[in-house]
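Those letters in the sequence shown? Residues 38 to 162, by the working numbering.
Cβ atoms here follow ideal geometry from the backbone N, Cα and C, with glycine treated the same way.
Here is the structure we will look at.
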Amino acid sequence: SKSCQKFNTFLHTNTNMVLLDNSSFIIRLEKFANAAKKDSSFSVTFKRYNGQNRPKPREGRPELPEPEVYLCLMRAQTKSKKISTVVRQEDVPRMINMYGQFMKSNMDGLKRVKKAKNKSKAAKG
Numbered sequence: 038s039k040s041c042q043k044f045n046t047f048l049h050t051n052t053n054m055v056l057l058d059n060s061s062f063i064i065r066l067e068k069f070a071n072a073a074k075k076d077s078s079f080s081v082t083f084k085r086y087n088g089q090n091r092p093k094p095r096e097g098r099p100e101l102p103e104p105e106v107y108l109c110l111m112r113a114q115t116k117s118k119k120i121s122t123v124v125r126q127e128d129v130p131r132m133i134n135m136y137g138q139f140m141k142s143n144m145d146g147l148k149r150v151k152k153a154k155n156k157s158k159a160a161k162g
């Protein structure tokens, strides 16, 4: 689609981020997770993406047209590497299923956070 082509052009100018197709994104995300098990971390963000890579127009200028269909931009980042993918509306269920499988298989090193006891409650009780 036109919005994906615009986004591809935008990302090719930004050398730090790599735009991948959905299945390649999950495969690369698994590599991030395996590398992060040793000594680092990674983050994944989801964002509604309207296909526009230009800033909002100044006052008095016409507004940018609203997109017909919104997309979902998924980004993953580890120390110096960044990857992203654009998920179309019809691909969302399949992508969320793949992401869920990724979470189940790779998030085994999570530790439960111990809650700190509230001192004010302890003093009152």
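When you compare each of the options to residue i by their alpha carbons, which one comes out closest?
i, options, result
"Gly-88", "Thr-122, Thr-115, Val-81 and Phe-69", "Thr-122"
"Asp-203", "Lys-148, Asp-145, Asn-71 and Leu-110", "This structure gives no information on residue 203, because the portion of the chain shown stretches from 38 to 162."
"Asn-223", "Ala-70, Glu-105 and Met-54", "Outside the modelled stretch of the chain, which goes from 38 to 162, sits residue 223, for which no answer is possible."
"Tyr-136", "Val-106, Arg-95 and Phe-83", "Phe-83"
For residue i and residue j, what's the separation of their Cα atoms in angstroms?
i, j, result
"Gly-97", "Leu-108", "28 Å"
"Leu-101", "Pro-92", "9 Å"
"Phe-47", "Glu-103", "Bear in mind that the predicted position of Phe-47 carries a pLDDT of just 48, short of 50, making it too unreliable to give a figure here."
"Lys-74", "Gln-126", "32 Å"
"Lys-148", "Asp-58", "31 Å"
"Lys-141", "Glu-67", "11 Å"
(message) Counting beta carbon pairs with one atom in the segment 116-134 and one in the segment 58-74, are three or more of them shorter than 8 Å?
(response) yes
(request) Taking 8 Å as the threshold, find out whether the segment 139-152 comes into contact with the segment 105-125 through three or more Cβ pairs. (result) no
(message) Quick check: the segment 107-115 against the segment 70-88, are at least 3 beta-carbon pairs closer than 8 Å?
(response) yes
(request) Would you list, in sequence order, the uninterrupted beta strand (DSSP E) runs of no fewer than 3 residues that lie entirely inside the segment 53-119? (result) 54-56, 79-86 and 108-115
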